[in-house]
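S.K.:
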Amino acid sequence: MPAMDVIVRAALPADPVDGLLFASAAPYYTAYAGGSRPAQRLLRTLYPRAGHTASWDVCRVAEVDGAAVGVLAAFPADACQALAQRFVRLTLAHSPPWRIPALFRHLRATAAVAPQPPAGMLYVD
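Every position in the sequence shown, counted from 1, becomes a number in the working numbering once 1 is added.
Rendered as structure tokens:
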């Protein structure tokens with residue numbers, strides 16, 4: 002495999018990385034939003050909004066030849082709860098009312114298996 006010059010930089014709100022974010026956890030986002038298209042649309046809408054678990058301000062972008070080839074979300078474990086709650090609040094505003102019960106069922110089911118990093122650690126996804 003040939004060597005690649007990879008540049009990792011702070012993300013920007015306009016970065017076209019919603020597809021990469023989706024690919025990083027496609028089964029989760031698909032179940033959460035009720036399908037892959039709604040999930041991708043949701044990430045495209047929410048990524049530019051700051052202050053949640055999939056927002057540009059917690060991400061770093063990997064580029065090769067100026068093209069985004071990877072995205073990494075990282076934030077202090079102490080911030081997980083607040084960032085996740087904001088993600089849920091923002092998604093509720095972009096979810097059809099009939100999806101809300103399924104969304105909450107999904108949240109309850111995933112809460113049981115979600116990682117609980119110790120305080121003072123960095124959560125990286």
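The beta-carbon is built from N, C-alpha and C at its ideal position, and this holds for glycine as well.
Of the choices Asp-126, Arg-10, Gly-121, whose alpha-carbon is the least far from that of Ala-80?
M.R.: When each option's Cα is compared against that of Ala-80, the closest is Gly-121.
S.K.: Which word fits Phe-105, buried or exposed, when buried means at least 16 other C-beta atoms lie within 10 angstroms of its C-beta?
M.R.: Exposed is the call here.
S.K.: Work out the CA separation of Thr-111 and Ala-78 for me, nearest whole Å.
M.R.: Their Cα atoms are separated by approximately 17 angstroms.
S.K.: Rounded to whole angstroms, what's the CA-CA distance from Arg-109 to Leu-43? Just pull it up for me.
M.R.: Approximately 20 angstroms between the Cα atoms of the pair.
S.K.: Within 10 angstroms of the Cβ of Val-18, are there 16 or more other Cβ atoms? Answer buried if so, exposed if not.
M.R.: Label assigned to Val-18: buried.
S.K.: Looking at C-alpha atoms only, which residue of Ile-8, Ala-4, Pro-3 is the closest neighbour of Gly-67?
M.R.: Residue Ile-8 is the option with its Cα nearest to Gly-67.
S.K.: What do you get for His-53, buried or exposed, if any count of 16 or more other CB atoms within 10 angstroms of its CB means buried?
M.R.: It is buried - the Cβ of His-53 has at least 16 other Cβ atoms within 10 Å.
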